[in-house]
Amino acid sequence: MELFGFDLDYVAFMILFCIGLHMLVVKSNLLKKLLGLNVMETAVFAFIITSGMVDSGDPPILVAGTNPPFANPIPQAMVLTGIVVAVSVTAVALALIVQIHAHYGTIEVSELKERP
Amino acid sequence: MRGLGLALVLVAAFTIVLGIGGLPPRLDPEGPVHTHVGARYAERGLEETGLRNLVAAVLLVYRGFDTFLEVVVIFTALVAVLALPSGVIGGTSWREPDAETSEPDAETSESGDRRAAAVVDRPDTGVPVSNVVGFVVRLLAPFIAVFAAALLYRGHVTPGGGFQAAAIFGALFIALGLVLGRAKADRLVPRGVRPYLQAMGPLAFALVGLLGWRLTGAFLGYPSEASAYVLREAMVVAVEVGIAVGGAVILARLFQALEGR
Amino acid sequence: MSDPWSLLVPGLVVLPLAAATLVPIVAGRDPRRAGSFTFGVVLLVTAMAAALVWRVGEVGAISVPLGGWAAPYGIEFRFDRFSAWTLGLSALFAFIVPFAWRYLEGTLPRSRWHVFYALLLLNLGGLLGFSVTGDLFNLFVAMEVVSLSSYAMVAVAGRGVAAWAALKYLLMGSVSSLLVLFGVGLLFALTGSLNLIDVAARVAEAPASPATTLALASLMVAFMLKAALFPLHAWLPDAHAIAPSPVSAVLSGLVVKVGIVGLVRVLQLSAGSGTDLALVNQVMLVLGTAAIVMGAFMAVFQDDIKLMLAFSTLSNIGYIVLGLGLAAPFAVIGSVVHVLNHALIKVTLFLAAGSIIHQTGFRTLRDLRGVARVMPQTSAAMAIGALSIVGIPPTAGFICKWYIALGAFESGQGVYGFALVFGALFIFVYYVRMLNAFFFRPAVRAEVQAAREPAWSMRAPLFVLAALCLLLGIFGSIPLAFVEPAVVELLASMGR
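Going down the list, the sequences are from chains E, U and Z. Numbered according to numbering that gives the first Met the number 0, the first sequence spans residues 0 to 115. Numbered according to numbering that gives the first Met the number 0, the second sequence spans residues 0 to 260. Numbered according to numbering that gives the first Met the number 0, the third sequence spans residues 0 to 495.
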């Protein structure tokens with residue numbers, strides 16, 4: 000599917016990426032910032048996954064019932080790795096946010112900036 | 000901030016649109032994505048790796064080192080979360096401050112063990128777990144465990160594998176922890192074996208990698224002869240089990256750490 | 000049948016990472032054992048890196064196909080002349096770890112010592128993996144090991160402030176990582192390959208496309224963010240100044256270099272793919288110069304010695320990027336070696352600053368006046384580091400900056416040479432301010448007058464590092480000559 004000559008999936012990726020970026024930059028709440036980051040990550044994963052798809056392709060599992068062409072397995076492996084990395088970063092970020100909340104009693108950037 | 004955000008978004012959108020316009024057509028079977036490395040995996044993957052699931056073949060065999068580093072990344076996340084000064088959730092410390100540095104003591108020292116054990120038995124959150132939730136989780140737990148094991152075991156033939164199994168095992172630990180309370184959930188994975196279990200992923204990779212080097216002359220290599228079929232299978236399973244067990248324990252511990260241990 | 004060199008390159012990466020998982024087990028009931036264990040591992044890694052560097056000098060770049068899958072079908076590790084900095088990297092860890100033994104007492108509760116050492120080892124392993132891999136996606140994952148352990152190390156000893164600095168660092172770092180992943184994804188969509196050399200070759204064959212430009216630009220920006228190149232530096236000063244001093248040494252000396260090594264990789268990639276680099280070089284020149292001047296300018300107004308050192312890192316990243324942007328042989332050689340020399344000097348300075356802060360409890364110039372009377376040895380090491388970073392001959396900092404300036408004049412871009420000298424003067428000003436306060440002002444704090452030199456396990460690494468700052472100045476031509484063939488090759492592929 001195409002939109003003004005652009006692949007629709009890629010356009011969707013671009014929109015998702017920009018939503019995430021906007022959240023990351025504009026939101027004052029640290030959790031929302033983190034969510035924005037996660038949305039951006041998801042956008043990039045979606046981009047990578049879709050780039051490996053093929054017309055009328057089957058999943059890359061060679062059992063009875065699947066036939067070539069197969070979707071490329073490399074992007075899928077890349078995204079699996081990417082997800083694990085994203086989960087790890089999110090866990091550390093959450094731990095830091097808990098820490099910040101315990102110390103300052105707030106997770107709003109606007110309020111954090113006013114404190115030493 | 001708002002202006003900056005809007006400007007950044009516009010710049011990003013504009014650049015991305017410019018850039019992705021130049022990508023080759025997406026679903027084209029003759030495109031570069033499908034005619035280069037991926038094509039060879041599809042053609043010879045089964046014969047070279049013995050794995051029917053090509054994603055698993057890429058993860059474990061062709062690009063095993065990526066997966067090794069990936070396992071190291073989640074281990075790093077666990078170490079990172081444990082590294083933070085903890086014990087202060089919601090402004091109140093539930094552990095007694097350490098005498099010398101006024102920071103909480105760890106689980107490794109004896110006194111810490113006793114103190115932590117005393118604390119763990121207190122009611123967790125004050126919010127009682129609904130009977131329905133408790134019953135359902137208890138009822139489903141064995142089935143969830145079996146499902147995770149099946150994903151692990153069948154991972155090289157069907158979608159699934161070590162990471163998926165780890166995610167489900169980890170979720171199971173977390174659900175049980177919520178229902179049974181911290182004290183009982185803590186006993187699911189005894190403290191003494193935790194350092195060993197959480198290290199299993201990277202260690203399994205390192206050992207299998209070394210073995211592969213002995214056998215084939217390449218680190219993380221797998222013997223390709225037909226006669227070595229069983230050995231190869233064993234190496235793959237060892238890595239998968241390492242990922243699953245290590246990953247599950249790390250996920251569960253991450254959750255515990257975030258809720259205040 | 001099994002070639003030991005084929006194990007040594009992946010072993011260099013796997014050993015510290017696998018050892019890191021063992022640290023909590025080894026520590027057991029005595030956290031001090033974690034320190035000695037870590038030190039042993041780092042020494043072993045250093046020996047392995049030394050063997051590899053020697054081997055590269057003998058036979059040239061070593062390429063190791065992991066799992067036996069030749070590139071581009073598997074991951075390739077390449078140990079070339081640029082990778083030789085892994086030797087310096089692991090050697091510097093070998094100084095930082097024993098320094099940390101005593102430093103941690105009073106900084107971190109004993110129960111978390113093993114976690115700290117595990118993070119150090121993970122960081123080292125990630126840095127080594129990042130430096131030797133020849134595969135784009137592997138580069139990304141290795142970078143994440145480095146980043147994640149760095150975020151944690153910033154927050155490890157402090158409470159709220161440190162966590163806030165670490166989170167800022169994490170958000171910036173994650174955006175940078177995301178851009179790397181996006182760039183790699185784009186290149187994969189364009190070429191169907193992930194191997195650096197293969198991708199470059201296939202991009203060169205394909206018709207020019209805006210997607211290639213986007214991919215390379217995305218990688219460029221990402222690595223500039225990781226290197227904290229002006230104006231993408233906002234996260235650096237807080238994170239580097241708040242972290243415990245051994246961590247500041249690692250972050251400021253070594254981890255920011257991830258961005259530089261990444262930039263060199265992107266330059267290799269772009270050069271191999273036939274992209275015209277004139278504009279890129281121009282951008283690097285301007286940003287590099289701006290970073291030198293702004294870093295120096297902001298450092299002059301700092302009173303906190305660690306903040307001062309952190310801003311000085313900005314300037315030095317500027318020098319390195321400026322040298323790379325000049326794309327003249329002398330300048331690039333100077334830059335590549337400055338990656339190592341700056342690491343050495345910055346580790347020296349941060350460890351010296353750490354000793355002083357640890358012994359006196361103060362960290363601002365005002366409070367630390369006269370500290371050289373009570374801690375003459377540590378202050379002398381600090382002075383040697385300061386002279387080196389300013390670039391006074393015959394210290395390690397001089398020769399690289401000299402080479403970069405030579406390159407500027409040689410390639411007819413003398414204005415940048417002047418900018419460099421001007422920046423060096425500025426830097427001289429604030430280090431003179433610091434040395435003046437330490438050596439020539441009377442102490443104002445009773446605690447400073449009562450302070451003593453730190454324990455030997457902290458002093459000894461410092462002395463050796465200070466001596467190395469001088470030795471690398473005197474024998475500075477050895478590393479310069481070592482990287483020269485690789486630089487010439489890189490520039491040739493860039494058409495210079």
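Quick reminder that beta carbons are idealized off the backbone N, C-alpha and C, glycines included.
Exercise. What residues match up with S62(Z) in a beta bridge as DSSP calls it?
Worked result: Here the question's residue 62(Z) lines up with position 63 in the third sequence. Bridge partners of S62(Z): R77(Z).
Exercise. What number of angstroms, rounded off, separates the C-alpha of S376(Z) from the C-alpha of R32(Z)?
Worked result: Counted from its first residue, the third sequence places residue 376(Z) at position 377. Counted from its first residue, the third sequence places residue 32(Z) at position 33. Checking the sequence, you will find Gln at residue 376(Z) rather than Ser. For Q376(Z) and R32(Z), the distance between alpha carbons rounds to 29 angstroms.
Exercise. Taking Cβ positions, are A46(Z) and L22(U) nearer each other than 9 angstroms?
Worked result: Sequence index remark: in the third sequence, residue 46(Z) carries index 47 (1-based). Sequence index remark: in the second sequence, residue 22(U) carries index 23 (1-based). Against a cut-off of 9 angstroms, the Cβ pair of L22(U) and A46(Z) comes out as no contact.
Problem set entry | CB contact below 9 angstroms: Y168(Z) versus chain U | On the third sequence, position 169 is the one that residue 168(Z) refers to. Y168(Z) is outside the set of residues whose beta carbon lies under 9 angstroms from a beta carbon in chain U.
Exercise. By how many angstroms is the C-alpha of S492(Z) removed from the C-alpha of E102(U)?
Worked result: On the second sequence, position 103 is the one that residue 102(U) refers to. On the third sequence, position 493 is the one that residue 492(Z) refers to. Residue confidence for E102(U) is low, a pLDDT of 37 falling below 50, so the modelled location carries little weight; the figure read from the coordinates is stated next. So the alpha carbons of these two residues sit roughly 56 angstroms apart.
For this session: Provide the residue span of the alpha helix (DSSP H) that contains V179(Z), from first to last.
Result: For the purposes of this step, residue 179(Z) is identified with residue 180 of the third sequence, where counting begins at 1. Where V179(Z) is concerned, the enclosing alpha helix (DSSP H) starts and stops at 159 to 190.
For this session: Using beta-carbon positions only, say whether I344(Z) and A395(Z) come within less than 9 angstroms of one another.
Result: On the third sequence, position 345 is the one that residue 344(Z) refers to. On the third sequence, position 396 is the one that residue 395(Z) refers to. Yes. Within cutoff.
Exercise. If we cut at 9 angstroms on Cβ distances, does I15(U) have a partner in chain Z?
Worked result: Here residue 15(U) refers to the residue found at position 16 of the second sequence. True, the Cβ-Cβ gap to chain Z drops below 9 angstroms.
Exercise. From A83(Z), G384(Z), S175(Z), G252(Z), pick the residue whose C-alpha is nearest to that of T312(Z); which is it?
Worked result: On the third sequence, residue 312(Z) is found 313 positions in, with the first residue counted as 1. Per the Cα distances, G252(Z).
Exercise. With burial defined as no fewer than 16 other Cβ atoms inside 10 Å of the residue's Cβ, what is the status of Q163(U): buried or exposed?
Worked result: Position 164 of the second sequence, counted from the start, is the residue given in the question as residue 163(U). Residue environment analysis places Q163(U) among the buried positions, since at least 16 neighbouring C-beta atoms fall within 10 angstroms of its C-beta.
For this session: Spell out whether any CB of chain E is found under 9 angstroms from the CB atom of S387(Z).
Result: Reading the third sequence from its first residue, position 388 is the one you call residue 387(Z). For S387(Z), the nearest beta carbon of chain E is not closer than 9 angstroms to its own beta carbon.
Exercise. Does the beta carbon of I242(U) come closer than 9 angstroms to any beta carbon on chain Z?
Worked result: In the second sequence, counting from the first residue as 1, residue 242(U) sits at position 243. Not closer than 9 angstroms to any Cβ of chain Z, the Cβ of I242(U) fails to qualify, so no.
For this session: Express the C-alpha separation of P245(Z) and D112(U) in angstroms, rounding to a whole number.
Result: Residue mapping note: residue 112(U) aligns to position 113 of the second sequence, counting from 1. Residue mapping note: residue 245(Z) aligns to position 246 of the third sequence, counting from 1. For D112(U), the predicted model reports a pLDDT of 41, less than 50, meaning its position is unreliable and no value from the coordinates is stated.
Exercise. Does the segment 357 to 364 of chain Z come within contact of the segment 312 to 331 of chain Z, defined as at least 3 CB pairs closer than 8 angstroms?
Worked result: Because the criterion of three Cβ pairs below 8 angstroms is not met, the segment 357 to 364 of chain Z and the segment 312 to 331 of chain Z do not touch.
Problem set entry | Span separating the alpha-carbon of R153(U) from that of K225(Z) | The residue given as residue 153(U) occupies position 154 in the second sequence. The residue given as residue 225(Z) occupies position 226 in the third sequence. Straight-line Cα distance between these residues: approximately 40 angstroms.
For this session: Could you name the residues of chain E that Y228(U) contacts, counting a contact when the two beta carbons are closer than 9 angstroms?
Result: One-based indexing of the second sequence puts residue 228(U) at position 229. What Y228(U) touches in chain E: nothing, since even the nearest Cβ is about 17 angstroms away.
For this session: For the segment 97 to 169 of chain Z, list the beta strand (DSSP E) runs that are entirely contained and at least 3 residues long, ordered along the chain.
Result: Assignment of beta strand (DSSP E) within the segment 97 to 169 of chain Z, counting only whole runs of 3 or more residues, yields no such run.
For this session: Answer yes or no: does any C-beta atom of chain U fall closer than 9 angstroms to that of R264(Z)?
Result: As a working note, residue 264(Z) is residue 265 in the third sequence. For R264(Z), the closest Cβ of chain U is not nearer than 9 angstroms.
Exercise. In terms of alpha-carbon separation, which member of F81(Z), F129(Z), V155(Z), F437(Z) lies closest to A382(Z)?
Worked result: The count along the third sequence starts at 1 and reaches residue 382(Z) at position 383. By alpha-carbon distance to A382(Z), the top candidate from F81(Z), F129(Z), V155(Z), F437(Z) is F437(Z).
Exercise. Using a Cβ-Cβ distance under 9 angstroms, would R39(U) count as near chain Z?
Worked result: Locating residue 39(U) in the second sequence gives position 40, where the first residue counts as 1. Nearest CB-CB separation between R39(U) and chain Z: below the 9 angstroms threshold.
Exercise. For I403(Z), which three-state DSSP category applies?
Worked result: Within the third sequence, the letter at position 404 stands for residue 403(Z). The DSSP-derived three-state label of I403(Z) is helix.
Problem set entry | Residues within the segment 49 to 78 of chain E neighbouring chain U, beta-carbon criterion of under 9 angstroms | Of all residues in the segment 49 to 78 of chain E, only T49, S50, G51, M52, V53, D54, S55, G56, P58, P59, I60, L61, V62, P67, P68, F69, A70, N71, P72, I73, P74, Q75, A76, M77 place a beta-carbon less than 9 angstroms from a beta-carbon of chain U.
Problem set entry | Contact list for the segment 51 to 72 of chain Z against chain U, Cβ threshold 9 angstroms | For the segment 51 to 72 of chain Z, the residues whose beta carbon sits under 9 angstroms from a beta carbon of chain U are, in order, V63, P64, L65, G66, G67, W68, P71, Y72.
Exercise. Any Cβ of chain Z within less than 9 angstroms of the Cβ of K31(E)?
Worked result: Indexing the first sequence from 1 puts residue 31(E) at position 32. So, not an interface residue.
For this session: Grab the span of the alpha helix (DSSP H) containing E40(E) for me, first residue to last.
Result: Numbered from 1 along the first sequence, position 41 holds the residue referred to as residue 40(E). From DSSP, the alpha helix (DSSP H) with E40(E) extends over 29 to 50.
Exercise. By the 10 Å Cβ neighbour count, where 16 or more other Cβ atoms means buried, how is I14(E) classified, buried or exposed?
Worked result: Numbered from its first residue, the first sequence carries residue 14(E) at position 15. By the 16-neighbour rule on beta-carbons within 10 angstroms, I14(E) is exposed.
For this session: Could you name the residues of chain Z that M39(E) contacts, counting a contact when the two beta carbons are closer than 8 angstroms?
Result: Mapped onto the first sequence, residue 39(E) falls at position 40. Listed along chain Z are V174, L177, each with a C-beta nearer than 8 angstroms to that of M39(E).
Problem set entry | Distance, V431(Z) Cα to A98(U) Cα | To locate residue 98(U), count along the second sequence from 1; it is residue 99. To locate residue 431(Z), count along the third sequence from 1; it is residue 432. The pLDDT assigned to A98(U) is 33, lower than 50, so where the model puts this residue is not dependable, and the model offers no usable value.
Exercise. Interface residues of chain U around Y9(E) at Cβ under 8 angstroms?
Worked result: In the first sequence, the residue the question calls residue 9(E) occupies position 10. Neighbours of Y9(E) on chain U, chain order: I19, L22, R25.
Problem set entry | the segment 222 to 241 of chain U / the segment 88 to 105 of chain Z touching (three or more Cβ pairs under 8 angstroms) | The answer is no - the segment 88 to 105 of chain Z does not touch the segment 222 to 241 of chain U, with fewer than three Cβ pairs under 8 angstroms.
Exercise. Any idea what DSSP makes of T14(U), helix, strand or coil?
Worked result: Counting from 1 along the second sequence, the entry for residue 14(U) is found at position 15. Reduced to three states, the DSSP call for T14(U) is helix.
Problem set entry | Pair within 9 angstroms by beta-carbon distance, V70(U) and V91(E) | To locate residue 70(U), count along the second sequence from 1; it is residue 71. To locate residue 91(E), count along the first sequence from 1; it is residue 92. Using a Cβ distance threshold of 9 angstroms, V70(U) and V91(E) do not count as a contacting pair.
Problem set entry | L147(Z) versus L36(E): straight-line alpha-carbon distance, rounded | Translated into the one-based positions of the third sequence, residue 147(Z) becomes position 148. Translated into the one-based positions of the first sequence, residue 36(E) becomes position 37. Distance between the alpha carbons of L147(Z) and L36(E): 15 angstroms.
Exercise. Which residues of chain E have a Cβ atom closer than 9 angstroms to the Cβ of R158(Z), listed in chain order?
Worked result: Within the third sequence, residue 158(Z) is the residue found at index 159, counting from 1. Ordered by position in chain E, the residues that pass the 9 angstroms Cβ test against R158(Z) are Q98, A101, H102.
Problem set entry | Contacts that P97(Z) makes with chain U (C-beta to C-beta distance below 7 angstroms) | The count along the third sequence starts at 1 and reaches residue 97(Z) at position 98. Against chain U, the beta carbon of P97(Z) has no neighbour under 7 angstroms; the closest one sits roughly 20 angstroms away.
Exercise. How many Å lie between V178(U) and G133(U) at the Cα?
Worked result: The residue labelled residue 178(U) in the question sits at position 179 within the second sequence. The residue labelled residue 133(U) in the question sits at position 134 within the second sequence. Using only the alpha carbons, I get a separation of about 5 angstroms.
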